[in-house]
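Presented below is the structure to which this report refers.
In the numbering used here, the protein residues as written are 53 to 637.
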């Protein structure tokens, strides 16, 4: 991976200050040397930064995750540290191995490696339960048997303090016995929860005795049926950070209000001798919000399950698998993330910024090709006269890339019948139209100058073929080729060697910049024209092309052979983006 230009931001300043002050030394787990977590992050005397990317395996990663991935892995790389990939698999009802595998695949596709630092929250369940019992015994947690509705009502709101649970002052011994009953499966789901005992009058509602364990009789994809109680994410996450000796726990801004509980929990466990100081610290940054997409996993799943898209990897989806199938490159996504910077405010970014990064990446490397997306037949009526035979095939060639001679040339041939774009002919031209119309001359790119003589029509008056004559001695690259001056140049594919292809043309999935803002139904803004499939033709150099290859189809934009549906005998090409911002006013 090429080294990007490093933009300064508050996280870099924080890390540099910590490194200079030496505050990272001595981070370790306070358990015994035989404990698995003791060895989770390498030698105990290793003083370097550690970040983490902690996805929950309950869906596919989306473009918003790309910022967190690049930020955490990038900071670790830049400062000689390590970034952990950790699966926060604390909710067995929504998590699947499919998502675990997809997350690992996408992190690697983006260009990052976690090395030996691959972890699962579920591997720490024993320690988490030990921590829960220790909190109960110290009087810092209790089992609450209120109904969910009673807990919700007694929590209060931003203007009203909460009300203590009637179970809050139960003795530690009774709470411990009740907790062990929960663990042993003696109570149904929802019957009771374990809560931290902090302050029901706190202005921060997250400190009003938050739930830290709940009963769930559900099979876990990693631990099976061993557990029937599971830790809440807000309880598990700080512990995971501490066990892995994370130095900078970098989260998006929605976790800012959770930071006081993060610190409270780690300090309590350190005071109880379960963790050693210095403890991890949490820092928040503004998340990446891209216009014209939704990034809620629930809403993305709804799009898939209700058939609005073909799957998580539909090229219209903002998932990383969708962007990959659409043809976006990991380099373009990393460039977009870098260009948007890191701040303490959430920001909305135009989706055209990502398109611009993609074009900047593909322009210097994508080979060129001719493609006809709306085919119209062009008949060269004097072909046999100019070339001596109707069966003659006149060889033509042009550079695979105008600025990369090392990519060689594309070879094709001219015959008596060609395919051209329907928009390249107008029987009655408008002002400023320089392509084919009766009496006008244009150049077939990399071929000859031709003169339009008319057209053929069907019984309904629709043009079925354009008629033209070849102007002799005007072949591109030969002496005298420029003797005939023309204002128009058009692409073409010879009918005798054209490769028929399915071409999928994509537009934005939504018609409004923020489809899930406000109280409306985001599905009301699904763009009915977000996918248009056409049957077209591509030049013979693309015959037998492998899947997941990119080209610039001249005049049309950048395209990729579909990584799922494309076959050499049945080509399928996806439009990635246009040659310029097609949405600009």
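Cβ atoms here follow ideal geometry from the backbone N, Cα and C, with glycine treated the same way.
Note that the coordinates shown come from a computational prediction; the quantities given were computed from them, not determined experimentally.
Query raised in the report: Can you list, in chain order, the residues of its chain whose CB lies under 8 Å from that of residue 489, leaving out five sequence neighbours each side?
Result: 477, 478, 479, 480, 481, 504
Query raised in the report: What residue does the alpha helix (DSSP H) around residue 307 start on, and which one ends it?
Result: Residue 307 -> no alpha helix (DSSP H), and no H or E assigned at all.
Query - Residues bridged to residue 517 [DSSP beta-bridge criterion] - result: 429, 508
Query raised in the report: Would residue 223 be called buried (16 or more neighbouring beta carbons within 10 Å of its own) or exposed?
Result: exposed
Query raised in the report: CA-CA distance, residue 384 and residue 411?
Result: 8 Å
Query raised in the report: Helix or strand or just coil, what does DSSP make of residue 555?
Result: strand
Report task. Keeping to the same chain, check which residues put their C-beta closer than 8 Å to that of residue 469; ignore five residues upstream and five downstream. Result -> 429, 430, 431, 432, 546, 547, 548
Query raised in the report: With distances taken from CA atoms, which of 379, 189, 465, 218 is nearest residue 600?
Result: 379
Query raised in the report: Which residue or residues does DSSP assign as beta-bridge partners of residue 539?
Result: Partner(s): none; residue 539 has no beta bridge.
**Report entry** Contact between the stretch 596 to 614 and the stretch 568 to 575 (3+ Cβ pairs under 8 Å)
**Finding:** no
Query raised in the report: In the stretch 381 to 428, which residue ranges form an unbroken beta strand (DSSP E) of at least 3 residues, counting only runs that do not cross its ends?
Result: 399 to 401
Query - Inside the stretch 88 to 154 only - beta strand (DSSP E) runs reaching at least 3 residues - result: 102 to 105, 134 to 139
Report task. List the endpoints of the continuous beta strand (DSSP E) containing residue 470. Result -> 469 to 473
Query raised in the report: If you count every other CB in all the chains shown that lies within 10 Å of the CB of residue 483, and 16 or more means buried, which is it?
Result: exposed
Query raised in the report: Looking at the structure shown, is residue 573 part of a helix, part of a strand, or coil, going by DSSP?
Result: coil
Requested in this report: Measure the Cβ-Cβ separation of residue 150 and residue 274 and say whether it is below 8 Å.
Outcome: no
Query raised in the report: Hey, how far is the Cα of residue 498 from the Cα of residue 535?
Result: 15 Å
**Report entry** Rounded distance between the beta-carbons of residue 279 and residue 177, thought under 8 Å
**Finding:** 6 Å
Query raised in the report: Got a sec: does the ligand MN put a non-hydrogen atom nearer than 7 Å to the Cβ of residue 444?
Result: The ligand MN is not part of the structure shown, which contains no ligands of any sort.
Report task. Consult DSSP for residue 157 and reduce its assignment to one of helix, strand or coil. Result -> helix
**Report entry** Proximal residues to residue 216 (C-beta, below 6 Å), its chain only, five neighbours per side dropped
**Finding:** 252
Report task. Could you say which of 460, 426, 506 lies nearest to residue 557 if we only look at CA atoms? Result -> 426
Query - Alpha-carbon spacing of residue 183 relative to residue 615, whole angstroms - result: 47 Å
Query - Cβ distance (whole Å) where residue 142 is taken to contact residue 288 below 8 Å - result: 5 Å
Query raised in the report: How about residue 370 and residue 405: are their beta carbons less than 8 Å apart?
Result: no
Requested in this report: Give the secondary structure of residue 263 by DSSP, where H, G and I count as helix, E and B as strand, and everything else as coil.
Outcome: strand
Query raised in the report: Taking residue 230 as the reference, which of 250, 200, 267 has the closest Cα?
Result: 267
Query raised in the report: Near residue 304, what residues of its chain come up, given a Cβ to Cβ distance below 6 Å and the 5 sequence neighbours on each side ignored?
Result: 339
Query raised in the report: Is it true that the CB of residue 174 sits closer than 8 Å to the CB of residue 269?
Result: no
Query - Inter-residue spacing [alpha-carbon to alpha-carbon] between residue 322 and residue 116 - result: 34 Å
Requested in this report: Determine, using beta-carbon pairs with one atom in the stretch 289 to 304 and one in the stretch 121 to 139, whether at least three such pairs fall under 8 Å.
Outcome: yes
Query raised in the report: Does the count of Cβ pairs from the stretch 581 to 601 and the stretch 611 to 625 closer than 8 Å reach three?
Result: yes
Query raised in the report: Under three-state DSSP, which class holds residue 656?
Result: Examination of residue 656 is not possible in this model, given that the chain is present from 53 through 637 alone.
**Report entry** Given 8 Å, three or more beta-carbon pairs between the stretch 61 to 80 and the stretch 328 to 337
**Finding:** yes
Query - Burial state of residue 403, where buried means 16 or more other Cβ atoms lie within 10 Å - result: buried
**Report entry** Cβ contact (3+ pairs, closer than 8 Å) linking the stretch 228 to 246 and the stretch 254 to 261
**Finding:** no
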